[in-house]
Amino acid sequence: MSIHELDKIISAVFGVEGELLDDNMSAHEIPSWDSMAQFRLIVEIEKAFNLVIEYDEIFSMNTLGDIRRIVACKLNARVTE
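Under this note's numbering, read the sequence shown as residues 1304 to 1384, first letter to last.
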């Protein structure tokens, strides 16, 4: 996984410049981050990285860092299978 690829998806869905993205950013700092935008983000991530993100993982995505960690863990788990 490339952080750059993931950040491009996040940037496109939330409408935030990629260089402004920070692990600590949440819906409080990103006005466009609502439930529909998060749903679109999940769909785009699953499609781009060929992943399935579980409901409990979706509900634990509170910051950009959470999203990055979850995607990285899922990709790493797939490599070690």
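The C-beta atom is built at its ideal place from N, Cα and C for all residues, glycine as well.
Model, not experiment: these values are computed from the prediction.
- By the C-beta density criterion, PHE1362 is exposed, having fewer than 16 other C-beta atoms within 10 angstroms.
- Residue state for SER1363 is assigned as coil, using DSSP reduced to three classes.
- Of the other Cβ atoms in all chains shown, 16 or more fall within 10 Å of the Cβ of ILE1370; this residue is therefore buried.
- Distance check between GLU1322 and each of GLU1357, PRO1334 and ILE1306 places ILE1306 closest, using alpha-carbon atoms only.
- Looking from the CA of ASP1359, the closest CA among ALA1330, ILE1373, LEU1367 and MET1339 belongs to ILE1373.
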